[in-house]
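Everything on this sheet refers to the single structure shown next.
In my numbering, the protein residues as written are 30 to 169.
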């Protein structure tokens with residue numbers, strides 16, 4: 030469990046948090062991360078996450094924090110599929126005048142890479158099926 034290093038708030042709700050492990054949580058979900066290959070070792074292909082990703086329900090909603098229209102997932106449901114990607118917030122948040130203890134967050138960065146990998150696997154299957162279809166059509 031990493032300590033909170035920095036927090037900006039708006040109306041009692043954290044809008045930007047920096048944790049001791051380098052994790053950054055914010056309202057917009059916009060951020061970048063270090064990915065230089067010189068900082069990595071034992072890089073191996075990931076497992077196929079396609080079936081897990083198919084279980085994720087994505088929806089639109091109105092944020093009770095700032096009233097904006099958003100697209101995303103419900104962290105509680107997401108935690109059932111990817112528990113390691115749903116940390117619990119250390120500080121309560123204020124939503125519509127109510128304090129919510131232990132708010133759930135979603136670590137979105139790994140999802141990008143899981144989706145890229147799932148897309149590549151799917152594209153390979155499509156190309157293989159197209160090739161097989163062409164071969165079958167040539168027999169007609």
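Ideal Cβ placement from N, Cα and C applies to all residues, glycine included.
If you draw a straight line from the Cα of residue 136 to the Cα of residue 115, it is about 6 Å long.
For residue 95 and residue 40, the gap between their C-alpha atoms comes out near 10 Å. Look at the segment 82–161 and you find these whole runs of alpha helix (DSSP H), each 4 residues long or longer: 104–110.
With a beta-carbon spacing of about 5 Å, residue 122 and residue 42 fall inside the 8 Å limit used to define contacts.
Taking every protein chain shown into account, the CB of residue 102 has 16 or more other CB atoms within 10 angstroms, so this residue is buried. Contact annotation: the segment 149–156 does not touch the segment 125–132, with fewer than three C-beta pairs closer than 8 Å. Spatial neighbours of residue 98 in its own chain (CB-CB distance under 7 Å, excluding positions within 5 residues in sequence) are listed in chain order as 89 and 91. About 7 Å separates the beta carbons of residue 111 and residue 81, which is inside the 8 Å limit, making them a contact pair. Pairing residue 70 with residue 49 gives a Cβ-Cβ distance that is not under 8 Å.
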